[in-house]
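Right, one structure below, let's go through it.
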Amino acid sequence: MTPAIRIDNIHKHFGNLHALKGIDLTIAQGEFFALLGPNGAGKSTLIGILAGLIKPSAGDVSVMGFDVVNQYQQARQLLGIVPQELVFDPFFNVREMLRFQAGYFGRGPENDAWVDEILEGLGLTDKAHTNMRKLSGGMKRRALIAQALAHKPPVIVLDEPTAGVDVELRQMLWEFIKKLNRDGHTIILTTHYLEEAETLCSRVGMMKQGEIVALDSTANLLNKFAAKKLRLTLGEVVLPVEILTMLRSQEKGIFTFALSDMAQIELVLAALRGANIKVLDMQLNEADLEDVFLSLVGQHHG
Amino acid sequence: MAKVYKMYGISISPRFRGPWTLLKKEMLRFWRVGFQTVAAPVITALLYLLIFSHVLAGHVQVYQDVPYTTFLIPGLIMMSVLQNAFANSSSSLIQSKVMGNLIFVLLTPLTHFEFFIAFLCAAIIRGLSVGLCIYLVAMWVVDIHVLHPWMMIAFALLGSALLGAFGIIAGIWADRFDQMAVFQNFIIMPLSFLSGVFYSIHSLPPFWQKVSQLNPFFYMIDGFRYGFFGQGDISPWVSLLIVGTSFLVLALITLKMLKSGYKLRT
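Residue numbers (the numbering used here), protein chains in the order written: chain A, 1 to 302; chain B, 1 to 266.
As structure tokens, this is what we get:
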């Protein structure tokens, strides 16, 4: 089957900055994929290239087999992009914007039922005749997502869709997006909320400084990088050197260690005992994507 | 609101729906603020007419058998057509760029040519709407006849298209509103005021006559006026050729800018 997205050795230079350093990535149809990475990692540049807003310096990108440069009309027809910035057109109301957006893609009155479905799914039915300017921030965000979906694209890209969105709306958005995914839409999202990626996405790509540093199923990544998290309350102490590599964070006398297997607990405790440090409290948790993320993004720091 | 729905009633082949939608959106955009985009320029033109005709009527006779007030009308109409065609495409683009909502159009399969046609046609329609309103109001005040309607229409269309294309160039180039104001105040306004709207260039010293002939607005105004009175400062065919060629050159530059993604796609 043709992949939903195929990214082949993409490079992008902005002057002296080598923003993307040969990205390869294939996303299958029907996947729910998360692209993670710190600010400046190149996620938005990659999405910009996919959207045709940024021209790649080298390499190819295709959407459902159509090249985003040479066959941009077909590629964009199949792609719905939710931009990161909360932009809107102050002249029109929500329904007008959705009709326009569908119209740009060649869709006419036959598309109206779908527009109603999106409005309903995103809780915008009451606001259909409200001017974009008068919507609250959360409502604007929903309208932005609705606009990207107006032409019923099989591949949907959400660039930080939940930035600055309250918990309730976030839940609603994800229910709606999950439904789209169940209906066969391919979903690609970038997010800073790692727990979102963890619960929603079957596969995760992590970017750092223009490169993909990890690409695997969420479960594999969690297994590979850190199985458990050990939280120890020790007070103001200096840790023995031999366990510093396992230390992930330290705050007000609480130290968190990432353990690749259970045997390492013994190692940590023995080292503490050797240094005469008393354990005041202890917690053992399952690792999450944040730990994977930190261990990957952290490890390259010179 | 009801207008949008009715407009959908027009059956358009899916192939042309994209550019048609963009044109429709651009027309609705200026129509929603019609008081500012149509009524205001009509009032301005009528004020010019009132003041200049009051001050100069009887003092200036440009063509034989044509009173000054009547002479003034075609020039004022054309000046407003040109200024508003430019204002439409330029302000729509700069607003969409500053607001960030141009992205909604950039993400679509619309080609650069379709983008160009939609913005150009909206600019022409805004320019002609303003011109038509001034003409209709002026008809009440002054007895004015059109001798060569096709010539008049040709100049109105080509002139508004030329300024519409120039507006697209300005809108793409400018990043901020103050840069757009430079275009308005230092190019469009001087060229339109010094184009012979209020006088015949034959009344100028020879040197300034030559300078006037470098002003593209002069040919548009003079040709348009020929459509009314059957007389002008130079042959309307020469003007038509100059205006037509200028439009083609600007259209090609605009298309090249759009195709390359200049300032729109990085």
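A virtual CB, placed ideally from N, CA and C, is assigned to each residue, including glycine.
Where does residue i land, buried or exposed, given buried means 16+ other C-beta within 10 angstroms?
i, result
"B/Asn337", "Residue 337 of chain B is absent from the structure shown; chain B starts at 1 and stops at 266."
"A/Thr26", "exposed"
"A/His151", "buried"
"A/Glu242", "exposed"
"B/Ser203", "exposed"
"A/Lys127", "buried"
"B/Ile260", "One point to set straight first is that residue 260 of chain B is Ser, not Ile, in the sequence displayed. Flag for B/Ser260 reads exposed."
"B/Thr245", "exposed"
"A/Lys252", "exposed"
"A/Arg95", "buried"
"B/Ala235", "The question names Ala, but residue 235 of chain B in the sequence shown is Ser. By the 10 Å Cβ count, B/Ser235 comes out exposed."
"B/Arg268", "Beyond the ends of chain B as shown, which are 1 and 266, falls residue 268 of chain B; an answer cannot be given."
"A/Lys229", "buried"
"B/Ala2", "Because B/Ala2 carries a pLDDT of 39, less than 50, the predicted location of this residue cannot be relied on, and the following value inherits that uncertainty. It counts as exposed."
"B/Tyr135", "buried"
"B/Phe229", "buried"
"B/Phe249", "Note that residue 249 of chain B is Val in the sequence shown here, rather than Phe. Under this definition B/Val249 is an exposed residue."
"A/Thr2", "exposed"
"A/Gly274", "exposed"
"B/Met180", "buried"
"A/His185", "buried"
"B/Val33", "exposed"
"A/Val69", "exposed"
"A/Asp291", "buried"
"A/Arg325", "The question about residue 325 of chain A has no answer here: the residues shown for chain A are numbered 1 through 302."
"B/Met151", "buried"
"B/Ile51", "exposed"
If contacts are defined as beta-carbon pairs under 8 Å, then residue i and residue j qualify, I think. What distance do you get, rounded to the angstrom?
i, j, result
"A/Ile118", "A/Leu149", "5 Å"
"A/Val61", "A/Ile49", "6 Å"
"B/Phe116", "B/Thr254", "6 Å"
"A/Met64", "A/Val155", "7 Å"
"A/Glu160", "A/Gln209", "In fact, because the Cβ distance is near 19 Å, the residues do not count as touching under 8 Å."
"B/Val105", "A/Tyr72", "Rounded, the Cβ-Cβ distance is 14 Å, inconsistent with contact."
"A/His13", "A/Ser57", "5 Å"
"A/Leu35", "A/Met207", "6 Å"
"B/Phe198", "B/Gly75", "7 Å"
"A/Arg248", "A/Leu296", "The Cβ separation is near 12 Å, so there is no contact."
"A/Ala4", "A/Ala28", "6 Å"
"B/Gln231", "B/Tyr63", "5 Å"
"B/Ala138", "B/Ile242", "Their Cβ separation, rounded to whole angstroms, is 27 Å, which puts B/Ala138 and B/Ile242 out of contact at 8 Å."
"A/Val82", "A/Ile145", "5 Å"
Excluding sequence positions up to five away, which residues of its chain have a Cβ less than 6 Å from the Cβ of residue i?
i, result
"B/Ser239", "Tyr219, Asp222 and Gly223"
"B/Phe183", "Ala170"
"A/Val115", "Leu98"
"A/His300", "Reliability fails at A/His300, whose pLDDT of 40 lies under 50, so the model's placement of it is uncertain and the value that follows must be treated cautiously. None."
"B/Tyr8", "In this prediction, B/Tyr8 scores a pLDDT of 47, lower than 50, which makes its location untrustworthy; no coordinate-derived value is stated."
"B/Leu102", "Ser96"
Just to confirm the assignment, what range does the alpha helix (DSSP H) spanning residue i have?
i, result
"A/Gly113", "The amino acid occupying residue 113 of chain A in the given sequence is Ala; Gly does not appear at that position. Per DSSP, A/Ala113 belongs to the alpha helix (DSSP H) from Asp112 to Gly121."
"B/Lys24", "Pro14 to Arg32"
"B/Ile125", "His112 to Val141"
"A/Asp306", "The question about residue 306 of chain A has no answer here: the residues shown for chain A are numbered 1 through 302."
"B/Asp178", "Phe177 to Phe183"
"B/Asn88", "Tyr68 to Met99"
"A/Gly137", "Gly137 to Leu149"
So, at 8 Å on beta carbons, what are the nonlocal neighbours of residue i in its own chain, with the 5 sequence-adjacent residues on each side left out?
i, result
"B/Leu191", "Asn215, Pro216 and Phe217"
"A/Arg133", "Phe88 and Pro90"
Starting from residue i, trace the beta strand (DSSP E) both ways and give me its first and last residue.
i, result
"B/Arg225", "Segment Pro216 to Phe229 is the alpha helix (DSSP H) holding B/Arg225; no beta strand (DSSP E) there."
"A/Met207", "Arg203 to Lys208"
"A/Gly22", "Leu17 to Ile27"
"A/Lys229", "Lys228 to Thr233"
"A/Thr190", "Thr186 to Thr190"
"A/Ile7", "Ile5 to Phe14"
Spatial neighbours of residue i within its chain, please: C-beta separation below 7 Å, excluding the five flanking residues on both sides.
i, result
"A/Ser202", "Glu31, Phe32, Ser217 and Thr218"
"B/Lys6", "Annotation note: pLDDT 45 at B/Lys6 (below 50); position unreliable, coordinate value reported separately. Contacts found: none."
"B/Ala85", "Ala123, Ile124, Arg126, Gly127, Ser160, Leu163, Gly164 and Gly167"
"A/Glu120", "none"
"B/Ile188", "Gln83 and Phe86"
"A/Gln147", "Met97, Leu98 and Gln101"
Check whether the Cβ of residue i lies closer than 7 Å to any heavy atom of the ligand FMN, and answer yes or no.
i, result
"A/Gln283", "Looking for the ligand FMN in the displayed structure turns up nothing, as the structure carries no ligands at all."
Which residues of the segment 169-180 of chain A have a Cβ closer than 9 Å to any Cβ of chain B? Give them in chain order. none
Could you run through the segment 75-93 of chain A and flag, in chain order, every residue whose CB is less than 9 Å away from some CB of chain B? Ala75, Arg76, Gln77, Leu79, Gly80, Ile81, Pro83, Glu85, Leu86, Val87, Phe88, Asp89, Pro90, Phe91, Phe92 and Asn93
Cβ-based contacts, 8 Å cut-off: residues of the segment 40-60 of chain A near chain B: Gly48, Ala51, Gly52, Leu53, Ile54 and Lys55
Give, in chain order, every residue of the segment 69-101 of chain B whose Cβ lies closer than 7 Å to some Cβ of chain A. Met99, Gly100 and Asn101
Mind listing which residues of the segment 104-121 of chain B have their C-beta closer than 9 Å to chain A's C-betas, in chain order? Phe104, Val105, Leu106, Leu107, Thr108, Pro109, Leu110 and Thr111
Identify each residue in the segment 223-255 of chain B for which the Cβ-Cβ distance to at least one residue of chain A is less than 7 Å, and report them in chain order. none
What residues from the segment 13-32 of chain B come within 8 Å of chain A, judged by C-beta to C-beta, listed N to C? Pro14, Arg15, Arg17, Gly18, Trp20, Thr21, Leu22, Lys24, Lys25, Leu28, Arg29 and Arg32
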